[in-house]
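Have a look at the structure below before the remarks.
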Amino acid sequence: MQIDERIRRARPDDVPAIVELVYALAEYEREPTACRLTATQLETALFGPTPAVFCHVAESGDEIAGCALWFLNFSTWRGVHGIYLEDLFVRPEQRGSGLGKALLTALAQECVEHGYERLEWSVLDWNTPAIEFYEALGARPQTEWTTFRLTDEALTRLGS
């Protein structure tokens with residue numbers, strides 16, 4: 001499969017634009033005050049001594065129009081890594097241009113090239129446009145699983 005020339009791996013100078021996109025995603029997902037990401041945190045996560053997060057960006061002209069932030073997970077049942085897509089966001093004015101599909105295609109190519117057997121992500125139940133987009137690509141919801149999360153006081157209480 002041919003790589004879309006609008007998609008590439010993120011570089012350190014992309015960090016401010018990626019942070020801006022993450023905040024735009026938080027706004028879209030109706031949680032603008034929940035996002036606390038800083039450029040320093042993201043730069044360390046992506047490009048520090050032990051990167052644990054990876055990112056592809058979508059370019060339109062001379063601007064970063066979208067991004068896919070991801071990390072490796074591991075399936076004990078399959079015995080191999082997969083990709084967990086933490087954030088996929090394309091600026092509203094760029095939606096419908098194929099950038100979202102191109103970003104997901106790039107991650108699917110990462111999976112195929114490295115022998116990863118899963119590409120997974122979460123989507124909010126109310127986000128019908130995203131759900132329809134993902135289903136059109138062949139993705140299927142995993143309705144038998146419920147996501148749990150520990151944060152803030154509950155995490156501190158359990159970990160202390």
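Taken in order, the sequence shown gives residues 1 to 160; the numbers are from full-length UniProt numbering.
We put the beta carbon where it would ideally sit given N, CA and C, even for glycine.
All figures in this text were calculated on a predicted structure; none of them were measured in a lab.
With Tyr84 as the anchor, note down where its beta strand (DSSP E) starts and where it stops.
-> Val80 to Val90
Ignore the nearest five residues each way along the sequence and tell me which others in Val53's own chain have a CB closer than 7 angstroms to its CB.
-> Only Ala45, Leu46, Leu69 and Phe71 meet the Cβ criterion.
Could you tell me which uninterrupted beta strand (DSSP E) segments, each at least 3 residues in length, are contained entirely in the UniProt domain "N-acetyltransferase" (5 to 158), listed from first to last along the chain?
-> 7 to 9, 54 to 60, 63 to 75, 80 to 90 and 119 to 121
Mark Leu107 as exposed unless 16 or more other C-beta atoms lie within 10 angstroms of its C-beta, in which case mark it buried.
-> buried
Of the residues Arg149, Pro51 and Ile64, the one placed nearest Val19, counting alpha carbons only = Ile64
Inspect the beta-carbon positions of Ile83 and Cys55 and report whether they are closer than 8 angstroms.
-> No, they are not a contact pair.
Hey, would you say Leu103 sits closer than 8 angstroms to Gly66, going by beta carbons?
-> yes
Between the beta-carbon of Ala24 and the beta-carbon of Phe89, is there less than 8 angstroms?
-> yes
Thinking Val57 and Arg8 are a contact (beta carbons under 8 angstroms), I'd like their distance in whole angstroms, please.
-> 6 angstroms
Distance between beta carbons of Glu43 and Pro12, contact taken as under 8 angstroms = Rounded, the Cβ-Cβ distance is 6 angstroms, consistent with contact.
Closest by CA to Pro141, which one among Arg149, Thr128 and Gln94?
-> Thr128
With 16 as the cutoff for other CB atoms within 10 Å, does Ala10 come out buried or exposed?
-> buried
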